[in-house]
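Q:
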Amino acid sequence: MEEKTFEEENLVREISYSLSRASGWMKFLGIVMIIYGAIMALTIVGIIIAWLPIWLGIIVYQAAKNSKSATLTGDKFMLMKSLQNINNYFTISGILLIISILLSALFIGIMLLTGFALENLTNYLNSM
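In our numbering, the protein residues as written are -12 to 115.
(1) Since S7 and K68 are thought to touch, with beta carbons under 8 Å apart, how far apart are those beta carbons, to the nearest angstrom?
(2) Could you tell me if S3 is buried or exposed, where buried requires 16 or more neighbouring beta carbons within 10 angstroms of its beta carbon?
(3) Within the continuous alpha helix (DSSP H) that includes T109, where are the two ends?
(4) The alpha helix (DSSP H) that contains L39, what's its start and end?
(5) If you follow the alpha helix (DSSP H) that I2 is in, where does it begin and where does it stop?
(6) Using beta-carbon positions only, say whether G44 and G17 come within less than 8 Å of one another.
Given below as structure tokens:
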């Protein structure tokens, strides 16, 4: 088993300090996202996707907890866990953003095509 050196602990504390300072906001964001997901689950449509904000909220909350622990103990493993949680959060958020942009473009295209079709139908019916 490796023994932690004083220099290693201090380095971990220095690196995790900024994350630790943001841990209050990260916990707040995590709790709000969990509550938001729970409220979404109360609707019929929301129950399908409510797990996403709950999952993201848990990830952010864990990242905050692990960064605080890394700063207090100088534990390299906790810092790595916190950074992995943040990586997961941004990866999932990025994928969701790409999906929402694609769905928005699809719906805009459908609305435009529907509008053109209805306009042509109206012109056709008026010409009869």
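The C-beta atom is built at its ideal place from N, Cα and C for all residues, glycine as well.
Keep in mind that this is a model prediction, so the values were computed, not measured.
A: So, from the listed chains and residues:
(1) Along the sequence shown, one-based indexing puts residue 7 at 20. Along the sequence shown, one-based indexing puts residue 68 at 81. Not really, about 13 Å apart at Cβ, beyond 8 Å.
(2) For the purposes of this step, residue 3 is taken as residue 16 along the sequence shown, with counting starting at 1. With 16 or more other Cβ atoms from the protein chains shown falling within 10 Å of its own Cβ, S3 counts as buried.
(3) Translated into positions along the sequence shown, residue 109 becomes position 122. In the DSSP assignment, T109 falls within the unbroken alpha helix (DSSP H) covering 63 to 114.
(4) Indexing the sequence shown from 1 puts residue 39 at position 52. In the DSSP assignment, L39 falls within the alpha helix (DSSP H) that extends over 38 to 60.
(5) Counting from 1 along the sequence shown, the entry for residue 2 is found at position 15. Its alpha helix (DSSP H) spans residues -7 to 8.
(6) Residue numbering aside, residue 44 sits at position 57 when the sequence shown is read from its first letter. Residue numbering aside, residue 17 sits at position 30 when the sequence shown is read from its first letter. At the C-beta level, G44 and G17 come within 8 Å of one another.
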